[in-house]
Amino acid sequence: MAVLMVVGTSSAPPFPLPVTCTTSLPKNSLIPPSSPLKLPLFWPWQKLKVGPLSVSPMGFGTWAWGNQLLWGYDESMDAELQKTFNLAVQNGINLFDTADSYGTGKLNGQSEKLLGKFIREFPGRQEARDNIVIASKFAAYPWRLTPGQFVNACKSSLDRMQIEQIGIGQLHWSTANYAPLQERALWDGLVAMYEKGLVRAVGVSNYGPKQLLKIHDYLTARGVPLCSAQVQFSLLSMGKDQTEVKDISDSLGIRLISYSPLGLGMLTGKYSSSNLPPGPRGLLFRQILPGLDPLLNALKEISQRRKKSIPQVAINWCICKGTLPIPGVKSVNQARENLGALGWKLTSDELLQLEDGANRSSGRMIQNVFQTS
Ligand SMILES: NC(=O)c1ccc[n+]([C@@H]2O[C@H](COP(=O)([O-])OP(=O)(O)OC[C@H]3O[C@@H](n4cnc5c(N)ncnc54)[C@H](OP(=O)(O)O)[C@@H]3O)[C@@H](O)[C@H]2O)c1
């Protein structure tokens with residue numbers, strides 16, 4: 001009898017799970033009976049195309065890496081974050097989302113700096129390191145008024161990470177609502193960074209359906225493919241706008257990336273009105289959590305029946321809706337647990353049960369202030 005390490009199968013608890021193989025290996029098997037065989041979380045053909053890039057069906061978000069105010073970051077967490085990164089890459093995760101605005105105060109840019117360091121020091125296979133795709137976002141700060149300034153922002157990100165090219169260069173938000181003239185300069189900046197080869201592909205974030213169509217048409221006319229659109233998308237954030245953006249993205253071959261798939265932590269099941277996170281998140285959760293019982297009960301019920309954890313079910317819902325989720329992770333345990341969102345699928349009845357729970361809940365995530373129509 002051999003011992004298999006099985007990861008993320010439908011009947012398995014979180015990852016990794018040693019189980020006993022019931023069929024014996026052939027006599028001439030090259031695998032020694034005692035060596036653990038680790039199945040991948042997904043097969044190469046299940047990777048997703050994002051423009052010219054091929055990425056894992058889930059990426060990880062790094063907003064917390066450097067953010068003291070909202071996420072309670074301090075530099076003593078760096079060793080754990082590095083282990084978290086290594087575990088993710090070793091398990092096939094190759095998409096990491098960051099932004100040039102991530103990191104508070106003097107830690108501005110910290111998320112990109114840490115990612116660069118972790119890539120350089122990655123102890124695993126060279127091929128895994130070479131396949132890492134960084135998706136960074138460039139802020140539409142009011143002082144970035146020309147295409148050249150936006151290109152310089154991209155060069156600064158490359159410097160911080162000490163890499164030569166960013167996988168997906170994303171415009172962090174649209175200024176259409178308050179500074180339409182700036183918007184065109186930023187679009188031209190995206191074109192310029194693509195033409196100079198500073199980014200492999202181009203994406204947007206916080207674009208609503210109308211603006212998404214506009215930028216898509218503009219970039220297409222300039223010969224630049226738009227490969228991804230990032231929006232807040234979760235069981236707490238699944239309104240008409242999300243559906244429209246998804247439909248448009250599908251019709252134009254744009255990959256929808258779902259950010260905050262765990263509702264900033266509210267969809268993990270670990271917070272309640274009597275157990276709130278410190279800081280501004282606690283204030284937000286205090287408003288929303290009391291109205292979330294129908295959704296949290298549905299998540300709990302399905303997670304128990306499927307022997308999955310609540311975060312795994314919440315992330316799997318995003319995957320089943322045809323999106324590419326990028327849950328934020330702050331520790332090895334969170335990364336390990338979230339990896340267990342891969343390798344299985346909720347049934348259509350379970351999807352309906354979750355959406356019914358969400359519809360019957362009065363609590364909703366507030367939309368990002370930068371989200372456009
Ligand atoms: N484009 C944009 O404007 C935009 C906006 C927001 C986010 N994003 C991107 O999307 C990424 C993900 O979104 P997010 O970080 O806002 O929120 P999220 O993914 O909904 O929640 C992440 C947080 O939930 C907690 N968590 C994660 N896994 C857990 C687990 N297995 N068990 C228990 N707790 C767990 C952690 O915080 P605690 O442990 O502190 O609870 C973690 O930081 C970001 O990192 C960022 O890259 C983009």
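With the UniProt record's numbering applied, the sequence shown has no gaps in its numbers, which climb one by one up to 373 at the end. C-beta: ideal position from N, C-alpha, C; glycine also. Quick caveat: nothing in here was measured; it's all calculated off a predicted structure.
Item, Value
"Touch check for the region 353-365 and the region 281-291: three-plus C-beta pairs under 8 Å?", "yes"
"Would Gln304 and Tyr259 be called neighbours here (beta carbons separated by less than 7 Å)?", "no"
"Let me make sure I understand the geometry here. Which of Ser156, Tyr218, Glu195 has the alpha-carbon closest to that of Glu183?", "Tyr218"
"Since Ser205 sits in a beta bridge, which residues does DSSP pair it with?", "Gln230"
"State yes or no: is the C-beta of Trp344 nearer than 6 Å to some heavy atom of ligand 1?", "no"
"Within its chain, find whatever has a CB closer than 7 Å to the CB of Asn297; leave out the 5 residues flanking it on each side and keep chain order.", "Gly357"
"If you follow the alpha helix (DSSP H) that Ile302 is part of, which residue opens it and which one closes it?", "293-306"
"For Tyr218, name the three-state secondary structure that DSSP assigns.", "helix"
"So the candidates are Pro40, Ala153, Gly59; which of them puts its Cα closest to the Cα of Lys49?", "Gly59"
"Measuring alpha carbon to alpha carbon, tell me which residue in Arg200, Gly169, Leu212, Glu164 is nearest Thr175.", "Leu212"
"Between the alpha carbons of residue 375 and Gly340, how many angstroms are there, rounded?", "The structure shown does not extend to residue 375, since the chain is modelled only from 1 through 373, so no value can be given for it."
"From Pro119 to Leu81, what distance separates their C-alpha atoms?", "Note that residue 119 is Ile in the sequence shown, not Pro. Roughly 12 Å between the two C-alpha positions."
"Three-state secondary structure (DSSP) at Gly148?", "helix"
"With respect to the alpha helix (DSSP H) encompassing Phe118, which residues constitute its N-terminal and C-terminal limits?", "110-120"
"Does any heavy atom of ligand 1 sit closer than 6 Å to the C-beta of Glu127?", "no"
"Counting only C-beta atoms, is Ala221 closer than 7 Å to chain D at any point?", "The structure shown contains no chain D; it is built from a single protein chain."
"Does ligand 1 have even one heavy atom less than 6 Å from the beta-carbon of Trp63?", "yes"
"Who pairs with Ile134 in a beta bridge, going by DSSP?", "Phe96"
"I need the DSSP call for Leu171, collapsed to helix, strand or coil.", "strand"
"Pairing CB atoms from the region 200-210 with CB atoms from the region 328-343, are three or more of them under 8 Å?", "no"
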